[in-house]
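Mind the numbering: the sequence shown is residues 1 to 303 in full-length UniProt numbering, read in order. Note that CB positions come from ideal geometry on N, CA and C, so glycine has one too. Note that the structure is predicted; figures quoted are calculated from it, not measured. Presented below is the structure to which this report refers.
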Amino acid sequence: MASKFNTWVSAARLRTIPLSISGVLIGSFASLNENKFNLFVFLLTLLTTVSYQVLSNFANDYGDGAKGTDKNRIGPTRSIESGAISLAEMKKGIILAAIFSLFLTILLVYISFQDDLINFVIFIALGALAIFSAIKYTVGSNAYGYVGLGDIFVFLFFGLVSVLGSHFLFTSSFNSSLIYPACIIGLLCAGVLNLNNMRDINTDGKNKKTTLAVMLGPRKSKIYHSILIFLAIILMVKFHFLTNIKSVLLTIIFLLLLLWLLLQLFQVYKVSEEKNFDLYLKPLVFSTISYSVLLSIHYLGIV
């Protein structure tokens, strides 16, 4: 029993959760500026976001496993490919995760907009779209992750929807200045996906998983990666001045983070073997989370 439980925990890929909540932290704590922060809504938003991510991980495992895409992959062994979980079992897991995600979505949206029917309907639809998108990344004959659209969806949901949507749950208002961090998180998360896809470019190509990296090829994928990170850095610098962060400590950390991102970019550009892209996944994930925490600390007024 314990062994099976551990197998499902492994399939949930909990290491991906910090990245998925990066935008939520920024959007939520930004509501402190408007005195609209609600701890219960915050915790429920985090839980709902985590449920989406776990659902996405289950579906990704199922979709790639059913298509045979995970055979001989360079990254960590997936549960279905290893035989630890059957396709039938994972399908049941996806259904249960989807139902739980929908329940949390309805509860969260009701608490946030119980007296606002229009926003209630809009966010229920947005939640349903998030659940659908989490599943359709790799599942089915028309999975969007197999036609090079994964990067766009990551930018939209991990960036724009995560930051702006979570902030709206507290304030019922749109804060245009948050477009900057929303785009920054979206770009960095797209960079994480691109590193993953560059690592798997050969196996994905052989299995007809046409990611953007497969479409572009190794050299152009590196150029695309550079564009993502450079755009994120430019927006980070501009937003830093717009928010008028006066803390010397936060500014020093911010500058070190920029230098680290540039160093990572230089190292990625020198990679010659696909498997070595895996070395730079964790640094970029940690950089993204670090930026989210840095902004959150600013909004909290701790430093």
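Measure the beta-carbon distance from Leu-104 to Thr-48 and round it to whole angstroms, keeping in mind my assumption that it falls under 8 Å.
Here residue 104 refers to the residue found at position 104 of the sequence shown. Here residue 48 refers to the residue found at position 48 of the sequence shown. About 4 Å separates the two Cβ atoms, so the contact holds.
Specify whether the stretch 21 to 37 and the stretch 158 to 177 touch according to this definition: at least 3 beta carbon pairs, one from each stretch, less than 8 Å apart.
Flag = yes, the stretch 21 to 37 and the stretch 158 to 177 touch.
Any idea which residues DSSP pairs Thr-210 with across the strands?
Residue 210 sits at position 210 when you count from the first residue of the sequence shown. Thr-210 has Val-147 as its beta-bridge partners, per DSSP.
Among Glu-89, Ile-245, Ile-185, whose alpha-carbon lies nearest the alpha-carbon of Gly-27?
If you number the sequence shown from 1, residue 27 lands on position 27. Of Glu-89, Ile-245, Ile-185, the residue nearest in Cα terms is Ile-185.
Range covered by the alpha helix (DSSP H) that runs through Ser-56
Start at 1 with the first residue of the sequence shown, and residue 56 comes out as number 56. Start and end: 39 to 67.
Drop a sphere of 10 angstroms on the beta-carbon of Ala-143, count the other beta-carbons inside from all chains shown, and report buried for 16 or more, exposed for fewer.
Residue numbering aside, residue 143 sits at position 143 when the sequence shown is read from its first letter. The residue is buried, with at least 16 neighbouring Cβ atoms inside 10 Å.
Locate the alpha helix (DSSP H) running through Val-248, then write down its first and last residues.
By one-based count along the sequence shown, residue 248 stands at place 248. 248 to 270 is the extent of the alpha helix (DSSP H) around Val-248.
From Glu-274 to Gly-205, what distance separates their C-alpha atoms?
Position 274 of the sequence shown holds residue 274. Position 205 of the sequence shown holds residue 205. Rounded to the nearest angstrom, the two C-alpha atoms are 13 Å apart.
Within the same chain, show all residues whose beta-carbon is closer than 7 Å to that of Tyr-299, passing over the 5 residues directly before and after it, in chain order.
Counting from one through the sequence shown, the residue named residue 299 turns up at place 299. The residues are Phe-29, Ala-30, Leu-32, Asn-33.
Neighbourhood of Ile-17 by C-beta distance below 7 Å, restricted to the same chain and skipping five residues each side:
Position 17 of the sequence shown, counted from the first residue, corresponds to residue 17. Result list for Ile-17: Val-50, Gln-53, in chain order.
Check for me: the alpha helix (DSSP H) holding Arg-15 runs from which residue to which?
Start at 1 with the first residue of the sequence shown, and residue 15 comes out as number 15. Where Arg-15 is concerned, there is no enclosing alpha helix (DSSP H), given that its DSSP letter is neither H nor E.
For the alpha helix (DSSP H) holding Arg-199, just list the boundary residues, first then last.
In the sequence shown, the residue the question calls residue 199 occupies position 199. For Arg-199, the enclosing alpha helix (DSSP H) begins and ends at 179 to 199.
Ser-133 in three-state terms, based on DSSP:
The residue given as residue 133 occupies position 133 in the sequence shown. In the three-state DSSP reduction, Ser-133 falls in the helix class (H, G or I).
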